[in-house]
Amino acid sequence: MIHDSRVQVLRPGTPRRQGFVLLWVQATVRTRDNHALEYGVREANRLNLPLVAVFGLTPGYPEANARHYAYLLEGLRDLRVNLAARGIPLRVTLGDPPAAVLAAAGGAALVVTDVGYTRIQREWRGWLADRLDVPLMQVESEALIPVGVVSGKQEYAARTIRPKIHRLWHDYLVPLDAHDLRKQTRDWEAGEDVSDPAALLKTLPIDHSVPPGDEEGGENAAHDLLEDFITRKLDTYDTRRNDPTVDGSSRLSAHLHYGQLSPLSAAIAAREHGGPGADAFLEELIVRRELSFNYTTYNPHYDRYEGLPSWARATLAEHAGDRREYTYTRAELDGAQTHDPYWNAAQRQMTRTGRMHNYMRMYWGKKILEWTPTPQQAYTEMLWLNNRHEQDGRDPNSYAGIGWVLGLHDRPWTRRPIFGTVRYMNAGGLKRKFDIDRYARQWAE
Numbered sequence: 241m242i243h244d245s246r247v248q249v250l251r252p253g254t255p256r257r258q259g260f261v262l263l264w265v266q267a268t269v270r271t272r273d274n275h276a277l278e279y280g281v282r283e284a285n286r287l288n289l290p291l292v293a294v295f296g297l298t299p300g301y302p303e304a305n306a307r308h309y310a311y312l313l314e315g316l317r318d319l320r321v322n323l324a325a326r327g328i329p330l331r332v333t334l335g336d337p338p339a340a341v342l343a344a345a346g347g348a349a350l351v352v353t354d355v356g357y358t359r360i361q362r363e364w365r366g367w368l369a370d371r372l373d374v375p376l377m378q379v380e381s382e383a384l385i386p387v388g389v390v391s392g393k394q395e396y397a398a399r400t401i402r403p404k405i406h407r408l409w410h411d412y413l414v415p416l417d418a419h420d421l422r423k424q425t426r427d428w429e430a431g432e433d434v435s436d437p438a439a440l441l442k443t444l445p446i447d448h449s450v451p452p453g454d455e456e457g458g459e460n461a462a463h464d465l466l467e468d469f470i471t472r473k474l475d476t477y478d479t480r481r482n483d484p485t486v487d488g489s490s491r492l493s494a495h496l497h498y499g500q501l502s503p504l505s506a507a508i509a510a511r512e513h514g515g516p517g518a519d520a521f522l523e524e525l526i527v528r529r530e531l532s533f534n535y536t537t538y539n540p541h542y543d544r545y546e547g548l549p550s551w552a553r554a555t556l557a558e559h560a561g562d563r564r565e566y567t568y569t570r571a572e573l574d575g576a577q578t579h580d581p582y583w584n585a586a587q588r589q590m591t592r593t594g595r596m597h598n599y600m601r602m603y604w605g606k607k608i609l610e611w612t613p614t615p616q617q618a619y620t621e622m623l624w625l626n627n628r629h630e631q632d633g634r635d636p637n638s639y640a641g642i643g644w645v646l647g648l649h650d651r652p653w654t655r656r657p658i659f660g661t662v663r664y665m666n667a668g669g670l671k672r673k674f675d676i677d678r679y680a681r682q683w684a685e
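Count along the sequence shown from 1, add 240, and you get the number used in the working numbering.
Spelled out as structure tokens, the structure:
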């Protein structure tokens with residue numbers, strides 16, 4: 241079922257009765273539980289036209305490097321094969337994404353695309369809408385519940401958005417049927433060869449200084465990982481997910497970021513399994529993740545220090561001149577060259593694998609605030625390190641998570657030097673919760 245609330249007209253008009261329906265794949269690089277894809281199939285069948293797909297592969301995506309492109313290309317490899325199995329050819333064009341779509345849209349009856357929640361994704365869709373001469377429909381599939389349906393404003397915290405989501409999620413947590421495409425075509429140029437992602441990666445004019453992470457990308461790997469998580473970890477997710485010394489987290493974040501796994505697929509699998517672990521997972525998957533979408537949708541400064549709540553900026557400004565016992569340069573932070581073995585371990589985990597345990601990420605960010613000359617510089621360094629090394633960097637969750645370190649989606653706490661009334665964390669808390677020394681040994685030099 242595709243709720244009408246998922247569909248938005250970006251360029252109105254009447255579809256042509258000839259040609260093809262064009263699916264612009266951008267945020268949803270998958271075939272399973274993809275509302276934009278199924279809407280495209282529905283419209284193609286209604287018009288008795290074939291459905292073809294295009295992906296614009298830009299080598300200039302902000303802050304992306306070989307680590308990110310490797311994962312994306314593995315997703316495009318799976319996408320081409322999985323779409324072909326449904327009679328839908330995929331063209332991968334190297335260049336500016338909306339320009340690639342505009343070039344591909346000659347002869348299209350209408351264009352269908354998905355939804356992204358960052359500035360560049362909105363700008364791309366707006367650019368295309370201004371230039372197409374056929375209808376452009378946007379179908380939201382990366383949020384379980386469309387962002388605008390949940391709330392029309394920036395929410396203060398998880399506690400304010402949670403009841404709004406809970407009132408709605410059973411209406412949206414329903415299986416999405418996949419229908420056969422009635423009319424197919426082979427007359428569609430393939431573009432770039434994505435069958436060997438590693439080979440294509442070497443040819444791209446991108447930043448190759450950060451190597452690929454240690455996990456494979458793509459829709460097929462995403463569903464293998466989801467099945468493993470549900471069968472092996474979900475029952476203890478509520479008690480083990482905050483311990484970085486055990487393999488208790490889902491590790492699904494990167495697949496969700498690249499659109500290789502639908503939140504609907506993951507939510508249905510967890511709900512069917514049930515239990516306290518499922519409840520905790522759905523809180524992270526839906527409430528917390530979609531709170532970050534709310535933030536990047538309604539706060540125009542979501543990727544800048546100015547996007548933080550006024551109370552947090554005021555208290556940090558008040559304590560900006562407080563003495564720092566340690567200060568580190570970007571190079572020292574990037575190289576895990578601090579006095580703190582626990583922080584260094586977290587940084588090494590991120591640089592080596594492309595991920596950092598979520599609990600350690602909170603500590604990691606709080607220490608950067610403590611070790612940089614100003615809170616503004618702390619924000620800048622956190623964002624740079626995160627977006628450079630994290631496999632899911634540049635995600636709404638990244639901006640919300642870094643914002644949380646500095647008071648976003650939180651409340652004032654006891655006043656302390658440097659932090660003011662922003663929440664404080666120290667190594668003592670790590671030692672009380674788990675064997676932090678074991679974690680440090682796991683990620684030693």
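Even glycine gets a Cβ: it sits at the ideal position worked out from N, Cα and C.
All of these numbers come straight from a predicted model, not from anything done at the bench.
- One alpha carbon belongs to residue 574, the other to residue 531, and they sit about 29 Å apart.
- DSSP lists no bridge partner for residue 622.
- The straight-line gap separating the alpha-carbon atoms of residue 624 and residue 444 is approximately 22 Å.
- Judged by DSSP secondary structure, residue 469 falls within the alpha helix (DSSP H) whose first and last residues are 459-472.
- Taking C-alpha positions only, residue 274 is separated from residue 463 by approximately 14 Å.
- For residue 260, the pairing in a beta bridge is given by DSSP as 348.
- For residue 593, the uninterrupted alpha helix (DSSP H) segment begins and ends at 581-593.
- In the three-state reduction of the DSSP assignment, residue 616 falls in the helix class, which pools H, G and I.
- Nearest neighbour of residue 382 by Cα position, chosen from 682, 529, 250, 403, turns out to be 529.
- When the five nearest sequence neighbours on each side are left out, the beta carbons in the same chain lying within less than 8 Å of the beta carbon of residue 673 are those of 482, 483, 599, in order along the chain.
- The alpha-carbon separation between residue 442 and residue 310 amounts to approximately 10 Å.
- Under the three-state reduction of DSSP output, residue 390 falls in the helix class.
- Rounded to the nearest angstrom, the Cβ distance from residue 378 to residue 266 is 10 Å, too far for a contact under 8 Å.
- For residue 378, the beta-bridge partners assigned by DSSP are 248, 353.
- Shown here, residue 372 sits in coil according to DSSP, grouped into three states, outside any helix or strand.
- Looking at the DSSP output, residue 335 sits in no beta bridge, so it has no partner there.
- The Cβ-Cβ distance between residue 461 and residue 314 falls below 9 Å.
- Ranked by how close their Cα comes to the Cα of residue 614, the residues 560, 579, 589 have 560 in first place.
- Excluding residues up to 5 positions away in sequence, 292, 293, 294, 295, 344, 428, 429, 430, 431 lie with their Cβ nearer than 8 Å to the Cβ of residue 331 in the same chain.
- For residue 447, DSSP records a beta bridge to 305.
- Note on residue 249: under 16 other CB atoms within 10 angstroms of its CB, so exposed under the neighbour-count rule.
- Sequence-distant Cβ neighbours of residue 644 in its own chain, meaning closer than 7 Å and more than five residues away, are 650.
- The beta carbon of residue 419 sits closer than 6 Å to the beta carbons of 281 from its chain, once the five residues preceding and following it are set aside; these are given in chain order.
- Bridge pairing for residue 296: 333 [DSSP].
- With respect to the 9 Å criterion, residue 365 and residue 376 are classified as neighbours on the basis of their beta carbons.
- Distances from the alpha-carbon of residue 352 to those of 580, 386, 283 put 283 closest.
- With contact defined as three or more Cβ pairs closer than 8 Å, the segment 504-521 and the segment 473-492 are in contact.
- Leaving aside the five residues that flank residue 584 on each side, the residues in its chain whose CB is nearer than 7 Å to its CB run, in chain order, 576, 578.
- Taking a C-beta distance under 9 Å as the contact criterion, residue 564 and residue 620 do not qualify as a contact pair.
- The beta carbon of residue 675 is closer than 8 Å to those of 485 in its chain, skipping five residues each way along the sequence.
- Within the DSSP secondary-structure output, residue 291 pairs in a beta bridge with 261.
- Contact between residue 287 and residue 255 is confirmed by a C-beta separation of about 6 Å, below the 8 Å threshold.
- As computed with DSSP, residue 453 is found in no beta bridge at all.
- Residue pairing from DSSP places residue 656 in a beta bridge opposite 660.
- Comparing C-alpha distances from residue 368 to each of 318, 264, 400 shows the shortest one belongs to 264.
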